[in-house]
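Everything on this sheet refers to the single structure shown next.
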Amino acid sequence: MGGSLTVTVAPRGTHSLRESLVEAGVSLPSDCGGVGTCGKCRVRVLDADGERSVLACQYVPAVPTAVLLEPVRSAHRRGPGRPGPGASGTLRLAADIGTTTISLAAVDEKQRRVVARQETLNPQVIYGADVVSRIAAEDKVSRAGLDRVLLRFMADAGIASERPVVAVGNTVMAHFLMGRSPASLGEFPYESRLPLSKSLTSQHGGIWTHMLPLLGSFVGSDCTAAILASGMHRSRRLSLLVDAGTNGEVVLGNRGRLLVTSTAAGPAFEGATLACGSLAQRGAVRAARLGDGRFVLDVIGGGEPRSICGSGVLDAVAEATRAGLVDASGRIGRDSPLNLNDGPEAVYLSQADLREVQLAKGAIAAAIRILLAEWGAVASDLECVHVTGKFGAAMNPASAVRIGLLPQMPLTRVRRHGNLALLGAVRATLNPGLFVEAERFAENCREVMLSSHPQFEQTFVDSMRLEPWN
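To convert, take the position in the sequence shown, counting from 1, and add 48; that gives the working numbering.
So this is what it looks like as structure tokens:
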């Protein structure tokens, strides 16, 4: 296993190998929530019985076990100040608690800048890839794992534990952070147990947490932070904000009012659920184009591809539809699956993968269409489209327009951002007045519930076609 890493895991009672690895900061996929059906956490282990392949979520080490893997390491970047233990008391933590990834920033209030960043896996991923699985596993999921992640980063960055943390997240993560049960979000009428449009504060596990307002039952403070960072709430122009993550959030509006909604896009654009899918990691295809009848691939880290992440999936599907290899209904032509390379380790998109992409694309596009209809606007009225998140920052806008993920428009109007949610949290850390500003625009937000919208079902079906908007 050239280039692999060996990690030794000690037995911990009934803890599965996957649970122990996640706690050690090693990422393994678990789309099925650890029930052993997706097969994506398979690793090779070496113990008293020799070397063999096991599902990490089902294997409980009885003796110290060597695991051979190529982990997704958390990206921990320190700024020029390189803060560490014993740093000054001017540092505070800003955090974006995502379903899959936790993004952290050490903010120096005196220098007014971020001096250290880290991205790490949400330890709750062992219970499933989406918020529905987290709600279902509520009796097992706790805030304790989140606290450990926050406290570890604070200790590494030299942030005093008594300094309040500014944290944002989707509504399910917000409930965990605030010490409330998210069960009400998983059953009709799907209402938040936390107040909307008001800033939130909690003390748990020795951490003071301040959170920007939630905007709806399924539109969290991460969306509030992204609106702050985009500035769309201050503009006279009509703007659109799209976070195409597992729980896709869409905002339409200007300084007068905002329409917000959340749509179950699923994890297809984050690489999960696809046969060769992965997060954006070494060996993953991040971009693709067709030339002379074959795919030309951009692979993270170079070399032969081993998987494909969301931006690569978008490009591959867009190029395949343009070339007629996949029709607008999503059906792969004569060559199924759609092979992207000819190497010894084939990377491909299966017919089932295409359906997953259609579901994700259809959910996001339908949400945009519904909000435009509710506003009484058309796509040409949009002056700016902000696309955020890991997938949003990396995606090719031309590919998004080609398959109808985004409406047809001049591509110069599409602005790609990294993590607007974390940026908004950082700005709120440096300027507490933004909490008041957020509460003000939150009061002028209206959540559009797609599940009960009379046009959503048909709009969703129409939006699944892989073609530009009419």
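Glycine residues also receive a C-beta, built at the ideal position from the N, C-alpha and C atoms.
Exercise for review: Would you give the residue range spanned by the alpha helix (DSSP H) that residue 432 belongs to?
Suggested key: Per DSSP, residue 432 lies in no alpha helix (DSSP H); the unbroken beta strand (DSSP E) holding it starts and ends at 432-436.
Check your understanding: Which residues in the same chain have their Cβ closer than 6 Å to the Cβ of residue 126, if we skip the five residues on either side of it in sequence?
Key -> The predicted model places residue 126 with a pLDDT of 42, which falls under 50 and marks its position as unreliable; any figure quoted below should be read in that light. Closer than 6 Å at the Cβ level, and outside the excluded window around residue 126, lie 164.
Exercise for review: List the endpoints of the continuous beta strand (DSSP E) containing residue 256.
Suggested key: Where residue 256 is concerned, the enclosing beta strand (DSSP E) stretches over 255-259.
Review point. CA-CA distance, residue 385 and residue 355?
Key: One Cα belongs to residue 385, the other to residue 355, and the distance between them is close to 15 Å.
**Study point:** Bridge partner(s) assigned by DSSP for residue 343
**Key:** As DSSP reads the structure, residue 343 sits in a beta bridge with 338.
Point to revise | Unbroken alpha helix (DSSP H) run spanning residue 273, endpoints | key: In the DSSP assignment, residue 273 falls within the alpha helix (DSSP H) that extends over 269-278.
Exercise for review: Would you list, in sequence order, the uninterrupted beta strand (DSSP E) runs of no fewer than 3 residues that lie entirely inside the stretch 395-477?
Suggested key: For the stretch 395-477, whole beta strand (DSSP E) runs of length 3 or above, ordered along the chain, are 432-436, 462-464.
Review point. When you compare only the Cα positions, how much space is there between residue 476 and residue 278?
Key: The C-alpha of residue 476 lies about 13 Å from the C-alpha of residue 278.
Practice item. Count the CB pairs spanning the stretch 300-308 and the stretch 317-335 that are closer than 8 Å, and state whether there are at least three. Key: The stretch 300-308 is not in contact with the stretch 317-335.
Point to revise | Simplified DSSP assignment, three categories, for residue 108 | key: It is coil, neither helix nor strand.
**Study point:** Which listed residue (301, 253, 262) has its alpha carbon closest to that of residue 246
**Key:** The residue with the shortest Cα to Cα distance from residue 246 is 262.
Point to revise | residue 348 in three-state terms, based on DSSP | key: Three-state result, residue 348: coil.
Review point. So residue 359 is in the alpha helix (DSSP H); what residue range does that whole segment cover?
Key: Residue 359 -> alpha helix (DSSP H) spans 358-370.
Exercise for review: Closer than 8 Å by C-beta to residue 364: which residues in its own chain qualify, once you throw out the five before and the five after it? Chain order, please.
Suggested key: In chain order, 333, 336, 343, 356, 386, 388, 397 place their CB closer than 8 Å to the CB of residue 364, counting only its own chain and leaving out the 5 sequence neighbours on each side.
Check your understanding: In chain order, what residues of the same chain lie with their CB nearer than 6 Å to the CB of residue 445, ignoring the 5 residues before and after it?
Key -> Take residue 445, set aside five residues on each side of it, and the residues of its chain with a beta-carbon closer than 6 Å to its own are 459, 462, in chain order.
Exercise for review: Give me the Cα-Cα distance between residue 123 and residue 351, rounded to the nearest whole angstrom.
Suggested key: Low confidence applies here, because residue 123 scores a pLDDT of 38, under 50, leaving its location unreliable; read the following figure in that light. C-alpha separation (whole angstroms): 21 Å.
Review point. Would residue 172 be called buried (16 or more neighbouring beta carbons within 10 Å of its own) or exposed?
Key: Residue environment: residue 172 is assigned as buried (16 or more neighbouring CB atoms within 10 Å of its CB, all protein chains considered).
Point to revise | Beta-carbon proximity check, residue 91 vs residue 101, cutoff 9 Å | key: Annotated as proximal: residue 91 and residue 101, with beta-carbon spacing under 9 Å.
Exercise for review: Check the DSSP bridge columns for residue 153 and list the partner residues they point to.
Suggested key: Beta-bridge pairing by DSSP links residue 153 to 142, 165.
Review point. Could you check where the alpha helix (DSSP H) with residue 481 kicks off and where it finishes?
Key: 481-490 is the extent of the alpha helix (DSSP H) around residue 481.
Check your understanding: Could you give the C-beta distance for residue 298 and residue 416, rounded to a whole number, given that I count them as a contact under 8 Å?
Key -> Between the beta-carbon of residue 298 and that of residue 416 there is about 6 Å, and that keeps the pair under the 8 Å contact cut.
Check your understanding: Looking at the structure shown, is residue 61 part of a helix, part of a strand, or coil, going by DSSP?
Key -> Coil, per DSSP.
Check your understanding: Candidates 254, 193, 199, 276: which alpha carbon is nearest residue 216's?
Key -> Taking residue 216 as reference, the option from 254, 193, 199, 276 with the minimal CA-CA separation is 276.
Review point. From 468, 428, 161, 138, pick the residue whose C-alpha is nearest to that of residue 528; which is it?
Key: As displayed, the chain neither begins before 49 nor continues past 518, which places residue 528 out of reach and without an answer.
Point to revise | Close Cβ partners of residue 227 (< 6 Å) along its chain, the five nearest in sequence each way excluded | key: If we look at residue 227 and ignore the five residues flanking it on each side, its Cβ neighbours are 250, 252.
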